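K.L.:
Shown next, in the form of structure tokens:
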């Protein structure tokens, strides 16, 4: 699997909004202080130079910044925490994005740690929405899920079961979480 990352750096107010190319993260740079600059390597974008537009602690995927929050919370409190940073719990729109978030979790926890992401069906059972309001256009459910077990599983977590995929679960459960925000 090719995993592509952008290293974090301190943003400035003069940054323009654009989709960027991301390069491979060097693990040792995670603990370092920015700025980081490097040549990115992405299929179809040979030799393009790119900087991450995300603040330290956030990692860029396309036009969004993503952050793992280690502290465990309920889904609602995790969403509120993300909103405090101008973000929401992460919405996932492709297999590449799912693997990016998954690798970020592995990088920081050294495991496939289960974590909250922004999916919920609290409005209508089996109609899944993202907390950031984006289209629910990608699915990566664990086999047999979502099942709304006991009629009380209305929030989404990732890295569940042997397949390390999505599961619907009770919103009052406690997990780390993944925040995501658009660059503009």
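Residue numbers (the UniProt record's numbering): 1 to 184.
C-beta atoms are modelled at their ideal positions from N, C-alpha and C, and glycine is treated no differently.
From a predicted model like this one, the values you see are computed outputs, not experimental measurements.
Where does residue 139 sit, in a helix, a strand or coil, going by DSSP?
P.N.:
Note: residue 139 maps to coil in three-state DSSP.
K.L.:
From 154, 147 and 141, pick the residue whose C-alpha is nearest to that of residue 131; which is it?
P.N.:
Residue 154 is the option with its Cα nearest to residue 131.
K.L.:
DSSP puts residue 60 in a beta bridge; with which residues?
P.N.:
Answer by DSSP bridge pairing, in chain order: 65.
K.L.:
Quick check: the Cα distance between residue 81 and residue 144, rounded to an integer number of angstroms?
P.N.:
Their Cα atoms are separated by approximately 30 Å.
K.L.:
Determine the closest residue to residue 126 out of 141, 134 and 173, with distance taken between C-alpha atoms.
P.N.:
Ranking the options by Cα distance to residue 126, first place goes to 141.
K.L.:
If we ignore side chains and look at the alpha-carbon of each, how far apart do residue 43 and residue 152 end up?
P.N.:
Note that residue 43 scores 29 on pLDDT, short of 50, meaning its location in the model is unreliable; the coordinates nonetheless yield the value given after this. Taking the straight line from one Cα to the other gives about 43 Å.
K.L.:
Are the CB atoms of residue 75 and residue 67 within a distance shorter than 7 Å?
P.N.:
Not in contact: residue 67 and residue 75 (Cβ atoms no closer than 7 Å).
K.L.:
Got a sec? Which residues, its chain only, sit under 6 Å from residue 91 by beta carbon, not counting five neighbours each side?
P.N.:
118, 130, 132 and 134.
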